[in-house]
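Take a look at the structure below.
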Amino acid sequence: IYAQLREHDKALENLDRAMAIINDPVKTAAMDSATVEAWKESAVDVPTIKAGVLADAGRFEEAVGLFETLVAESPGDISLKRNLAAIHVQVGNTERAFEVYDDLMAQPSLMSQDYYAIGVGFYQASAYDRAAEAFKGAVDKAKNDRDALEMWTRSLQTDSMCSAVPEAAQRWLALDQNNQN
Numbered sequence: 103i104y105a106q107l108r109e110h111d112k113a114l115e116n117l118d119r120a121m122a123i124i125n126d127p128v129k130t131a132a133m134d135s136a137t138v139e140a141w142k143e144s145a146v147d148v149p150t151i152k153a154g155v156l157a158d159a160g161r162f163e164e165a166v167g168l169f170e171t172l173v174a175e176s177p178g179d180i181s182l183k184r185n186l187a188a189i190h191v192q193v194g195n196t197e198r199a200f201e202v203y204d205d206l207m208a209q210p211s212l213m214s215q216d217y218y219a220i221g222v223g224f225y226q227a228s229a230y231d232r233a234a235e236a237f238k239g240a241v242d243k244a245k246n247d248r249d250a251l252e253m254w255t256r257s258l259q260t261d262s263m264c265s266a267v268p269e270a271a272q273r274w275l276a277l278d279q280n281n282q283n
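What the sequence shown shows, in my numbering, is residues 103 to 283, in sequence order.
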């Protein structure tokens, strides 16, 4: 709740306190096994939540460090990698962000929303050709995604890849004929 209220210090303090309780053998010994198991299940998400709170608080170095650790521990976790790359874009470390995004783009199990998020990252870093590729991936996975179609078209146009614009624009218009854009 503190994280949602953007009271970052209180959120971080409570996350640390929760982990101290979960990792305290005296406290866990006093609890029933179902409660301890529920605590352990909840504890799995704490580092990711903490990294998100750090990023939201503008403590990017700490957030990057924690996300890098989490990605190293779970290299197949697409969400963690997306978050890591997004923070790198936010702080201007596009080289590292692009490494992570390129690694993600090579994953065969990406969903439309993954491609879209990658496209947004590339677009924010002014890598419009790469953004177009990612947004096209989103469209290929979800043919009726208006936002992905729009961003694919805009990325192509912004990068002056004019010969590729008609296919994207026609697909966009076919889906959303009354769109003024």
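Think of the CB as a built atom: it goes at the ideal place given N, C-alpha and C, for glycine as much as any other residue.
- Residue state for L107 is assigned as coil, using DSSP reduced to three classes.
- In the structure shown, S176 falls within a coil segment according to DSSP collapsed to helix, strand and coil.
- Straight across, the Cα-Cα distance linking T260 with E197 is about 21 Å.
- Annotated three-state conformation of L212 is coil, per DSSP.
- The continuous stretches of alpha helix (DSSP H) do not include R161, and DSSP gives it neither H nor E.
- Per DSSP, S135 is one residue of the alpha helix (DSSP H) stretching across S135 to A145.
- In this structure, DSSP gives D247 a state outside helix and strand, which the three-state scheme calls coil.
- Counting only the Cα atoms, A131 lies some 10 Å from I124.
- Per DSSP, A266 is not a residue of any alpha helix (DSSP H), being assigned neither H nor E.
- The residue among M263, Y104, M213 and A105 with its C-alpha nearest the C-alpha of A229 is M263.
- Distance from the CA atom of N185 to the CA atom of A236, rounded to whole angstroms, is 16 Å.
- A direct Cα-to-Cα measurement between Y203 and A187 gives close to 7 Å.
- DSSP places A227 outside any alpha helix (DSSP H), giving it a letter other than H or E.
- DSSP places A188 in the helix class (H, G or I) of the three-state scheme.
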